[in-house]
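**Student:** I am attaching a structure below and will ask some questions about it afterwards.
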Amino acid sequence: LPQLRGRGLLSDSQPETRELPVSDLGAALTDGVVLCHLANHVRPRSVPSIHVPSPAVPKLTMAKCRRNVENFLEACRRIGVPQDRLCSVGEVLEGDGGGVYGTVGMLLSMAPPPIISPSRRVQLAGFALFYLSVMSVLCAIYVHLAPRV
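Residue 23 in full-length UniProt numbering sits at position 23 of the sequence shown; the count goes up by one each step and never skips.
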């Protein structure tokens, strides 16, 4: 989760972990904050403004929740989620997970594959060379020590 904090997806005031029963997942998405961050993760800046709770006011007003959800659904449309796979604002605000899960699943399927950074490529190439070197040495030792028939 530190990388989420560094990217601005998780503020310093938000706890890193939160216990949440699966049955409460729909209710946890009702303010639209997590959904907006998810859309921005799939396509950066697709939701330009997200209303988030503050320590002083930990619960968003219904109007702000609705605006977050509307922004999320609009971002999904722009990203390319088909209209028939979009849930309604009401489904999200009521905590009805069924339609929301379908929309989220479709949104995630539209995400581009992760790009391996150049430094990661160098690490992988270095490991491959190390592995091949070790295997070559082991093969040479085996051939040298194997009984000749």
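By construction, the Cβ of each residue, glycine as well, lies at the ideal position given by its N, Cα and C atoms. None of these values were measured; they are calculated from a predicted model.
Do you know offhand how far V34's Cα is from C139's?
**Tutor:** 53 angstroms
**Student:** Can you say whether V149 is buried or exposed, counting buried as having 16 or more other CB atoms within 10 angstroms of its CB?
**Tutor:** exposed
**Student:** Helix or strand or just coil, what does DSSP make of D31?
**Tutor:** coil
**Student:** Could you tell me whether the Cβ atoms of G26 and V100 are closer together than 8 angstroms?
**Tutor:** yes
**Student:** Comparing C-alpha positions only, which one of C76, R45 and E94 sits nearest to R104?
**Tutor:** Contrary to the premise, residue 104 reads as Val rather than Arg in this sequence. Selected option, being the one with the closest Cα: C76.
**Student:** Does DSSP put L86 in a helix, a strand or coil?
**Tutor:** coil
**Student:** The alpha helix (DSSP H) spanning E70 covers which residue range?
**Tutor:** M62 to I79
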